[in-house]
Amino acid sequence: MYFKVLDIGNWIMIGLVCLSVLVLIYKIFYHIYALMPAKRFPQAKFNHRYAILVPARNESKVIDNLLKSFSETDYPKELYDIYVVVEDKNDPTVEICKNYENVYSFVRPDLEVKSKGGALDHILKHLINSGIAKQKNYEAYFIFDADNTVTKNYLLEMNKAFDAGFELALSYRNSKNWNNGWVASCSALTFSMLNTFQNKCRARFTQNVLVSGTGFYVSARIINNLGGWPFQCLTEDAEISNYAVLNGIKATYNEYAEHYDEQPVTLKVSWNQRIRWIKGYMQVGKKYHKKLLKSALYSKENRFAKVEFAINIIPVAIPLASVIIYSLFALVMGFVGLSLHVPIWQWQMAFINFAASILGIYFFFFFYTVAMLLAEREHISITFWNALKTCIMNPFFMGLYLPIYIVALFKKEVKWKPIEHTGKDVTNNKEKTPN
Numbered sequence: 000m001y002f003k004v005l006d007i008g009n010w011i012m013i014g015l016v017c018l019s020v021l022v023l024i025y026k027i028f029y030h031i032y033a034l035m036p037a038k039r040f041p042q043a044k045f046n047h048r049y050a051i052l053v054p055a056r057n058e059s060k061v062i063d064n065l066l067k068s069f070s071e072t073d074y075p076k077e078l079y080d081i082y083v084v085v086e087d088k089n090d091p092t093v094e095i096c097k098n099y100e101n102v103y104s105f106v107r108p109d110l111e112v113k114s115k116g117g118a119l120d121h122i123l124k125h126l127i128n129s130g131i132a133k134q135k136n137y138e139a140y141f142i143f144d145a146d147n148t149v150t151k152n153y154l155l156e157m158n159k160a161f162d163a164g165f166e167l168a169l170s171y172r173n174s175k176n177w178n179n180g181w182v183a184s185c186s187a188l189t190f191s192m193l194n195t196f197q198n199k200c201r202a203r204f205t206q207n208v209l210v211s212g213t214g215f216y217v218s219a220r221i222i223n224n225l226g227g228w229p230f231q232c233l234t235e236d237a238e239i240s241n242y243a244v245l246n247g248i249k250a251t252y253n254e255y256a257e258h259y260d261e262q263p264v265t266l267k268v269s270w271n272q273r274i275r276w277i278k279g280y281m282q283v284g285k286k287y288h289k290k291l292l293k294s295a296l297y298s299k300e301n302r303f304a305k306v307e308f309a310i311n312i313i314p315v316a317i318p319l320a321s322v323i324i325y326s327l328f329a330l331v332m333g334f335v336g337l338s339l340h341v342p343i344w345q346w347q348m349a350f351i352n353f354a355a356s357i358l359g360i361y362f363f364f365f366f367y368t369v370a371m372l373l374a375e376r377e378h379i380s381i382t383f384w385n386a387l388k389t390c391i392m393n394p395f396f397m398g399l400y401l402p403i404y405i406v407a408l409f410k411k412e413v414k415w416k417p418i419e420h421t422g423k424d425v426t427n428n429k430e431k432t433p434n
């Protein structure tokens, strides 16, 4: 009887693996396409006018690097303005902004909503209601964090996407600190996975992308119609992504426009950051997923993208949950076999199945990390030894999403917390050009 139960469990596992392959077929295609050349945009017929918005709460250590990188771009200076949003007029950031042309500091009028979304809403309402946006004829708004920097050709490349008719576009998100330990490099690979292994293919075929963090623009037409920035979930980037899919907004991803971000270097900071992400995705799901499924049911337009965004992580969660549940089943069966004094080979088989499941998960993520590093080798600057540590530790880093998800599920309130940055700019501000 014991062996029969164990055997049934094995067959159920085989069935779940087959199901997992079926639900992941389109993801496999995404990954294959990631190895192909990125989408190229034609030369822009016009240089458009932009406003660049930078929420910067106590970011005087890093804001100078961002402003300097923009001052060195190839785009005409008279065609963009930078608005740095601070919370206190005595913030040193205000004085730093005065060192650059077309850079303006804006002090938030109230701090009732302490989040990036609140800061963006304040500055956008100010620009729209004061008439500045209309007077300067801004055609799109870029969103950046204070710790970012951009390449010299950044605005020229993003202008190509806007000129091609895309009202939402994001750029390639690279990391400043690949070699600041395995936590920083594993965190950076998260965005490589989102952009190269997902958005790259989406941009080519569905024109709906998942915005991650910063380095993106939104058309002024959309923002003006909204009257500000209504995306106030903990993950405002995921919220605007779902909003764009639901409302048929044409979106894209431009790999040749590159910006740099600073990743957390400690597990504690990464843990807190990812709790906010998961909680934010839950908020977005509650707000949009039913609407997306309903829209996909009654409208033929962009049906695949709506369903994909609505089911969210389910295609990935099914195989992972299957392996985890089976490994726990095998572990329990091993101890049950010991207590029932069944033949030794039967309970040993249960423990072997448990170990094989755990090692299978580990080596899957190990080789997946190797594949990501190889695919991204032309974009990133990482030492061999740190790459090796990243391959070894990334399965653990990814595995932490399970307890993080559980904590986020039961945590009633998660607040947006700023991450302290070092102020070190280790990028070379290189220019990426199409082959």
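Under numbering that gives the first Met the number 0, the letters of the sequence shown match residues 0 to 434, in that order.
Yeah, the Cβ is synthetic: ideal placement off N, Cα and C, and Gly gets one too.
Computed from a prediction, not measured in an experiment: that's the story for all the values here.
Please go through the segment 212 to 267 and give each complete alpha helix (DSSP H) segment of 4 or more residues, from N-terminal end onward.
-> Counting only runs that start and end inside the segment 212 to 267, the alpha helix (DSSP H) elements of at least 4 residues fall at 219 to 225 and 235 to 245.
Does the beta-carbon of PRO433 have 16 or more other beta-carbons within 10 angstroms, so that it is buried, or is it exposed?
-> Caution is warranted here: a pLDDT of 49 is assigned to PRO433, below 50, making its placement in the model unreliable, and no coordinate value can be reported.
Per the contact definition of three or more C-beta pairs closer than 8 Å, is the segment 209 to 224 in contact with the segment 389 to 398?
-> Contact between the segment 389 to 398 and the segment 209 to 224 is absent: fewer than three C-beta pairs spanning the two stretches fall below 8 Å.
Spell out a yes or no on whether the segment 141 to 153 and the segment 58 to 70 are touching, meaning 3 or more CB-CB pairs, one atom from each, closer than 8 Å.
-> Touching, yes, given that three or more Cβ pairs across the two stretches are closer than 8 Å.
Thinking just about the alpha-carbon of each residue, which of GLY116, LEU330 and THR251 is nearest to the one in LYS38?
-> Looking only at GLY116, LEU330 and THR251, the smallest Cα-Cα distance to LYS38 is reached by THR251.
Where LEU167 falls: helix, strand or coil (DSSP) = Strand.
In terms of DSSP beta bridges, what is PHE141 paired with?
-> The partner list for PHE141 (beta bridge, DSSP) reads ILE51 and TYR216.
Residue burial classification, THR382 (beta-carbon count within 10 angstroms, cutoff 16) = Looking at its Cβ environment, which holds fewer than 16 other Cβ atoms inside 10 Å, THR382 is exposed.
If I'm right that THR454 touches TYR280 with Cβ under 8 Å, what's the distance once you round it to whole angstroms?
-> As shown, the chain starts at 0 and ends at 434. That puts residue 454 outside it, with no answer to give.
What residue does the beta strand (DSSP E) around LYS105 start on, and which one ends it?
-> One detail in the question is off: residue 105 reads as Phe in this sequence, not Lys. 102 to 106 is the span of the beta strand (DSSP E), which, as asked, contains PHE105.
Simplified DSSP state of ASN173, which is helix, strand or coil | Looking at ASN173 - three-state DSSP - the assignment turns out to be strand.
Mind reading off the beta-carbon distance from LYS44 to ASP162? Whole number of angstroms is fine, and I expect it under 8 Å.
-> About 6 Å; that satisfies the 8 Å criterion.
Distance, MET35 Cα to ALA329 Cα = If you draw a straight line from the Cα of ALA329 to the Cα of MET35, it comes to about 40 Å.
DSSP three-state call for VAL208: helix, strand or coil?
-> In this structure, VAL208 counts as coil in the three-state DSSP scheme.
Excluding five sequence neighbours on each side, which residues of the same chain lie with their C-beta closer than 7 Å to the C-beta of VAL406?
-> Hits under 7 Å: ILE274.
Rounded to whole angstroms, what's the CA-CA distance from PRO91 to ASN98? Just pull it up for me.
-> Whole-angstrom Cα-Cα distance: 12 Å.
When you compare only the Cα positions, how much space is there between VAL425 and GLY336?
-> Its pLDDT being 49, under 50, VAL425 is placed unreliably by the model, and the measurement read from it follows with that caveat. The alpha-carbon atoms of VAL425 and GLY336 are separated by roughly 56 Å.
In terms of alpha-carbon separation, which member of ALA370, MET371 and PHE334 lies closest to PHE353?
-> Put simply, of ALA370, MET371 and PHE334 the residue whose alpha carbon is nearest the alpha carbon of PHE353 is PHE334.
From ASN176 to ALA202, what does the alpha carbon distance come to, in whole angstroms?
-> Computed Cα separation, rounded: 27 Å.
Would GLY116 be called buried (16 or more neighbouring beta carbons within 10 Å of its own) or exposed?
-> By the neighbour-count criterion, in which 16 or more other beta carbons inside 10 Å mark a residue as buried, GLY116 falls on the buried side.
Does the segment 191 to 198 come within contact of the segment 258 to 273, defined as at least 3 CB pairs closer than 8 Å?
-> The segment 191 to 198 and the segment 258 to 273 do not touch, with fewer than 3 CB-CB distances between them shorter than 8 Å.
By Cβ distance, which residues of its chain are closer than 7 Å to LYS76, with the 5 residues on each side in sequence left out?
-> Same-chain partners within the cutoff: GLU100 and ASN101.
When the Cα atoms are used, what is the spatial distance from ALA160 to ILE127?
-> Distance between the alpha carbons of ALA160 and ILE127 is about 24 Å.
Distance between beta carbons of THR148 and HIS258, contact taken as under 8 Å | The pair is a contact, with the Cβ atoms about 7 Å apart (cut-off 8 Å).
If we ignore side chains and look at the alpha-carbon of each, how far apart do ILE31 and SER356 end up?
-> Cα to Cα, ILE31 sits roughly 26 Å from SER356.
Where GLU375 falls, given that 16 or more other Cβ within 10 Å makes a residue buried = Counting Cβ neighbours within 10 Å, GLU375 comes out buried, since at least 16 surround it.
Taking only the alpha-carbon atoms, compute the straight-line gap between ILE221 and GLU412 and give it to the nearest angstrom.
-> Going from the Cα of ILE221 to the Cα of GLU412 covers about 30 Å.
Span separating the alpha-carbon of SER104 from that of ILE95 | Approximately 9 Å, taken between the alpha carbons.
Hey, out of TYR242, PHE303 and GLY164, whose CA is closest to LEU225's CA?
-> Out of TYR242, PHE303 and GLY164, TYR242 has the C-alpha closest to the C-alpha of LEU225.
Verify whether the separation of the beta carbon atoms of LYS26 and PRO318 is less than 8 Å.
-> No Cβ-Cβ contact shorter than 8 Å links LYS26 with PRO318.
Mind checking whether ALA256 and TYR137 have CB atoms under 8 Å apart?
-> No, the pair does not count as a contact, with Cβ atoms beyond the cut-off.
Measure the alpha-carbon distance for SER240 versus GLY14 and round it to whole angstroms.
-> So the alpha carbons of these two residues sit roughly 34 Å apart.
Which of helix, strand or coil does DSSP assign to ASP63?
-> Three-state DSSP puts ASP63 in a helix.
What residues in its chain sit with their C-beta under 7 Å from that of ILE277, if we drop five residues either side in the sequence?
-> Correct list, in chain order: ILE403, TYR404 and ALA407.
Tell me TYR82's beta-bridge partners as DSSP assigns them.
-> LEU52 and TYR103, per the DSSP bridge assignment.
Do you know offhand how far LEU66's Cα is from TYR325's?
-> Rounded to whole angstroms, LEU66 to TYR325 spans 52 Å at the Cα level.
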